[in-house]
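Q:
Chains as they are written, first to last, in this note's numbering: chain P, 475 to 755; chain B, 475 to 755.
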């Protein structure tokens with residue numbers, strides 16, 4: 475596995491591969507890899523002749539006061555995990571390589587960036603849309619794989635690619651969970667043992683909500699109420715939002731009469747955790 | 475010369491050329507071509523193995539009340555002119571091809587978009603930055619040629635390409651002028667004969683200003699005053715702005731102590747004309 479740190483070397487590699495007619499599959503990450511990331515890498519391996527993984531903790535998608543400086547990092551371990559997956563290139567640029575002084579351009583996906591995580595993390599999705607645009611321009615992938623845990627991010631990237639006419643196929647990968655149901659996340663490392671236990675309220679309340687939906691409940695506020703009351707039982711958990719939205723537009727739904735997503739964000743200790751479940755009739 | 479109207483056919487063509495290791499040079503235009511455009515095409519021919527010219531009157535760069543509907547168009551003539559220049563592809567998409575319903579993404583080059591034309595045309599450079607990003611993603615050029623008449627646009631596109639890590643070289647081409655000095659522009663077609671004569675005040679005042687600068691005047695307000703007084707002699711002309719700015723940052727200058735641009739916008743009849751002169755010490 476080759477490690478590339480500069481934009482020009484990365485693009486040069488990709489252009490050479492493209493001239494050879496090879497399909498490039500790309501998995502952008504912020505590192506501190508877990509099994510969820512590795513599932514994305516394996517999905518990339520199935521779709522591409524070459525697999526590129528980026529590790530870049532993107533400062534512009536953290537709001538002031540968020541956990542940019544403390545975001546978990548372990549490059550040596552990430553490197554070993556990716557080498558074991560037969561990744562072709564690990565793209566690992568420095569912050570100054572991606573954001574040299576004097577930058578003033580950003581990409582906004584307006585409507586989809588407003589609700590859910592966008593409401594409590596101002597500028598977050600602008601940072602995501604801008605860095606993904608840059609990474610695509612550098613890595614030149616044919617296909618890119620994103621996890622569905624970050625459901626809003628995935629929809630924003632699909633919209634971004636469509637709206638800016640990028641020639642990249644976007645593939646969503648189902649949420650990968652721990653055996654007890656917790657959605658895998660680098661931020662789970664923030665959880666103390668009792669918080670780790672408390673964090674089960676996210677996936678467990680989603681499962682209860684799904685059962686209620688399966689039994690015929692289509693009135694969104696009733697399902698949201700169930701989730702809120704389940705999480706309220708857990709004193710370490712503080713709800714940021716619980717919403718049911720149209721899965722495409724992310725418009726909030728009252729009646730679940732189309733493909734919907736039940737999405738939530740919950741703070742437990744210093745971890746802000748998200749999870750979601752698609753509600754399909 | 476091939477005419478291509480869809481995004482997928484255009485990208486397919488460019489990807490095939492790139493696999494053959496051919497350099498693609500691109501000239502984006504809004505059509506109604508004049509000798510200025512043809513000079514850009516010839517510059518492209520020198521730099522690329524293949525030349526693509528786009529004709530697309532981009533609605534998002536016109537503010538409400540501007541001349542989008544009335545912007546001059548003559549596809550048959552443009553087609554003939556480009557065929558005579560041995561252009562390889564004329565990319566001529568419909569508005570719905572570039573902007574299908576539901577789009578919500580835009581690209582902003584923040585600081586450079588604020589002064590000069592940006593001050594009087596809100597949203598103009600957002601529209602430019604967004605459509606140029608899209609066109610680059612579709613045409614996949616190695617190099618793109620832009621005229622220096624739209625000096626602010628050129629600086630914004632250079633910044634855009636740098637900030638979004640696009641692998642496109644941006645080349646500026648000197649302003650092409652009529653024999654009497656008027657900068658060539660599709661909008662010159664709006665001018666009635668007496669207005670056409672009045673329009674000479676733009677280039678003539680710039681020349682006088684340059685002579686003053688050559689004689690040692692480096693105090694920007696003195697040079698601006700000369701330009702304003704020259705244009706004031708012409709009753710058909712209404713100044714929108716006359717400014718001297720740092721040529722890179724477009725920050726207004728008081729003392730001309732670095733590479734500067736003297737830029738102006740003047741309304742004559744229903745034509746809004748722009749012109750500029752670089753002041754190099």
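The C-beta atom is built at its ideal place from N, Cα and C for all residues, glycine as well.
Go ahead and pull the three-state DSSP assignment for residue 532 (chain B).
A: The residue you call residue 532 (chain B) lines up with position 58 of the second chain. Coil at residue 532 (chain B), not helix or strand.
Q: Between which residues of its own chain and residue 534 (chain B) is the CB-CB distance below 6 Å, once the five residues before and five after are set aside?
A: Working through the second chain from its first residue, we reach residue 534 (chain B) at position 60. Cβ-Cβ distances below 6 Å link residue 534 (chain B) to 601 in the same chain, with the five nearest sequence neighbours on each side left out; the list follows chain order.
Q: Compare the C-alpha of residue 660 (chain B) against each of B:483, B:477, B:510 and B:482 and name the closest.
A: If you number the second chain from 1, residue 660 (chain B) lands on position 186. If we check each option's Cα against that of residue 660 (chain B), B:510 comes out closest.
Q: So is residue 707 (chain B) in contact with chain P if we call contact Cβ pairs under 7 Å?
A: For this step, residue 707 (chain B) is matched to residue 233 along the second chain. Cβ-Cβ to chain P under 7 Å: no for residue 707 (chain B).
Q: How about residue 611 (chain P): is its C-beta nearer than 7 Å to some C-beta of chain B?
A: The residue labelled residue 611 (chain P) in the question sits at position 137 within the first chain. At a cut-off of 7 Å between C-beta atoms, residue 611 (chain P) counts as an interface residue with respect to chain B.
Q: I'd like the span of the beta strand (DSSP E) that includes residue 430 (chain P), first residue to last.
A: Any property of residue 430 (chain P) remains undetermined from this structure, which presents chain P solely from 475 to 755.
Q: Specify whether the segment 578–586 of chain B and the segment 576–587 of chain P touch according to this definition: at least 3 beta carbon pairs, one from each stretch, less than 8 Å apart.
A: yes
Q: Which one of B:685, B:607, B:706 and B:737 has the shortest CA to CA distance from residue 720 (chain B)?
A: For the purposes of this step, residue 720 (chain B) is identified with residue 246 of the second chain, where counting begins at 1. From the listed residues B:685, B:607, B:706 and B:737, the smallest Cα separation to residue 720 (chain B) is found for B:737.
Q: Considering only residues of the same chain and omitting the five flanking positions on each side of residue 629 (chain P), which have a CB-CB separation below 8 Å?
A: Here residue 629 (chain P) refers to the residue found at position 155 of the first chain. Cβ within range, chain order: 586, 721, 722 and 724.
Q: Any beta-carbon of chain P closer than 7 Å to the one on residue 504 (chain B)?
A: Along the second chain, one-based indexing puts residue 504 (chain B) at 30. So, not an interface residue.
Q: Are the Cβ atoms of residue 549 (chain B) and residue 542 (chain B) separated by less than 7 Å?
A: Residue numbering aside, residue 549 (chain B) sits at position 75 when the second chain is read from its first letter. Residue numbering aside, residue 542 (chain B) sits at position 68 when the second chain is read from its first letter. Result no, Cβ atoms of residue 549 (chain B) and residue 542 (chain B) do not sit closer than 7 Å.
Q: Less than 6 Å between C-beta atoms, sequence neighbours within five positions excluded: which residues of the same chain meet that for residue 499 (chain P)?
A: Reading the first chain from its first residue, position 25 is the one you call residue 499 (chain P). Its chain contains 518, 521, 522, 525 and 617 as the residues whose beta carbon lies nearer than 6 Å to that of residue 499 (chain P), once the 5 sequence neighbours on both sides are disregarded; these appear in chain order.
Q: Put residue 731 (chain B) into one of helix, strand or coil per three-state DSSP.
A: Walking along the second chain from the start, residue 731 (chain B) turns up at place 257. In the structure shown, residue 731 (chain B) sits in coil (DSSP, three-state: anything other than H, G, I, E or B).
Q: What residues from the segment 562–582 of chain P come within 7 Å of chain B, judged by C-beta to C-beta, listed N to C?
A: Correct list: 577, 578, 579, 580, 581 and 582.
Q: Looking at residue 642 (chain B): is its Cβ nearer than 7 Å to the Cβ of residue 615 (chain B)?
A: The sequence position of residue 642 (chain B) within the second chain is 168, counting from 1. The sequence position of residue 615 (chain B) within the second chain is 141, counting from 1. In contact: residue 642 (chain B) and residue 615 (chain B) (Cβ atoms closer than 7 Å).
Q: Taking C-alpha atoms, which residue in B:746, B:698, B:701 and B:693 lies nearest to residue 732 (chain B)?
A: As a working note, residue 732 (chain B) is residue 258 in the second chain. Ranking the options by Cα distance to residue 732 (chain B), first place goes to B:693.
Q: Once DSSP output is grouped into helix, strand and coil, what is the label at residue 630 (chain B)?
A: Position 156 of the second chain, counted from the start, is the residue given in the question as residue 630 (chain B). Helix.
Q: Would you call the CB atoms of residue 638 (chain B) and residue 608 (chain P) closer than 7 Å?
A: Position 164 of the second chain, counted from the start, is the residue given in the question as residue 638 (chain B). Position 134 of the first chain, counted from the start, is the residue given in the question as residue 608 (chain P). Yes; because the gap between Cβ atoms is below 7 Å, this pair is in contact.
Q: Any idea what DSSP makes of residue 746 (chain P), helix, strand or coil?
A: Position 272 of the first chain, counting from 1, holds the residue named residue 746 (chain P). Strand.
Q: What is the DSSP secondary structure of residue 642 (chain B), reduced to helix, strand or coil?
A: Locating residue 642 (chain B) in the second chain gives position 168, where the first residue counts as 1. Coil.
Q: Which residues, in chain order, does the segment 619–635 of chain B contribute to contact with chain P at a C-beta distance below 8 Å?
A: 633 and 634
Q: What span of residues does the alpha helix (DSSP H) with residue 511 (chain P) cover, start to end?
A: Translated into positions along the first chain, residue 511 (chain P) becomes position 37. Taken as a continuous stretch (DSSP letters only), the alpha helix (DSSP H) holding residue 511 (chain P) covers 509–521.
Q: Just to confirm, is the Cβ distance from residue 708 (chain P) to residue 675 (chain P) under 7 Å?
A: In the first chain, the residue the question calls residue 708 (chain P) occupies position 234. In the first chain, the residue the question calls residue 675 (chain P) occupies position 201. Yes, the pair counts as a contact, with Cβ atoms nearer than the cut-off.
Q: State the Cα-Cα distance for the pair residue 687 (chain P) and residue 735 (chain P), rounded to the nearest angstrom.
A: Numbered from 1 along the first chain, position 213 holds the residue referred to as residue 687 (chain P). Numbered from 1 along the first chain, position 261 holds the residue referred to as residue 735 (chain P). Their backbone Cα atoms lie some 12 Å apart in a straight line.
Q: I'd like the ranges of any alpha helix (DSSP H) spanning at least 4 consecutive residues and lying wholly in the segment 646–725 of chain P.
A: 667–672, 674–688 and 694–706
Q: Buried or exposed: which applies to residue 562 (chain B), given that a residue is buried once 16 or more other Cβ atoms fall within 10 Å of its Cβ?
A: Locating residue 562 (chain B) in the second chain gives position 88, counting from the first residue. Flag for residue 562 (chain B) reads buried.
Q: Going by DSSP, what residues sit across from residue 593 (chain B) in a beta bridge?
A: The residue labelled residue 593 (chain B) in the question sits at position 119 within the second chain. BP columns for residue 593 (chain B) are empty, so no partner.
Q: Mapping the DSSP letters down to three states, classify residue 598 (chain P) as helix, strand or coil.
A: Locating residue 598 (chain P) in the first chain gives position 124, counting from the first residue. Reduced to three states, the DSSP call for residue 598 (chain P) is helix.
Q: Using the beta-carbon count (16 or more within 10 Å), is residue 648 (chain P) buried or exposed?
A: Reading the first chain from its first residue, position 174 is the one you call residue 648 (chain P). So residue 648 (chain P) ends up on the exposed side.
Q: Can we say the segment 551–560 of chain B touches the segment 552–561 of chain P, given the rule of at least three CB pairs closer than 8 Å?
A: No, because fewer than three Cβ pairs between the segment 551–560 of chain B and the segment 552–561 of chain P fall closer than 8 Å, the two stretches do not touch.
Q: Please list the residues of the segment 592–611 of chain P that have a C-beta atom closer than 7 Å to any C-beta atom in chain B, keeping them in chain order.
A: 607, 608 and 611
Q: Span of the alpha helix (DSSP H) holding residue 569 (chain B)?
A: As a first step, residue 569 (chain B) is located in the second chain; it is residue number 95 there, counting from the start. Start and end: 569–572.
Q: For residue 604 (chain P), does the three-state DSSP call read helix, strand or coil?
A: Translated into positions along the first chain, residue 604 (chain P) becomes position 130. Three-state DSSP puts residue 604 (chain P) in a helix.
Q: Within the same chain, show all residues whose beta-carbon is closer than 6 Å to that of residue 623 (chain P), passing over the 5 residues directly before and after it, in chain order.
A: Position 149 of the first chain, counting from 1, holds the residue named residue 623 (chain P). Closer than 6 Å at the Cβ level, and outside the excluded window around residue 623 (chain P), lie 649 and 657.
Q: Could you name the residues of the segment 510–521 of chain B whose beta carbon sits closer than 9 Å to any beta carbon of chain P, in the order they occur along the chain?
A: none
Q: Residue 718 (chain B) to residue 679 (chain B), Cα distance in whole Å?
A: By one-based count along the second chain, residue 718 (chain B) stands at place 244. By one-based count along the second chain, residue 679 (chain B) stands at place 205. For residue 718 (chain B) and residue 679 (chain B), the distance between alpha carbons rounds to 14 Å.
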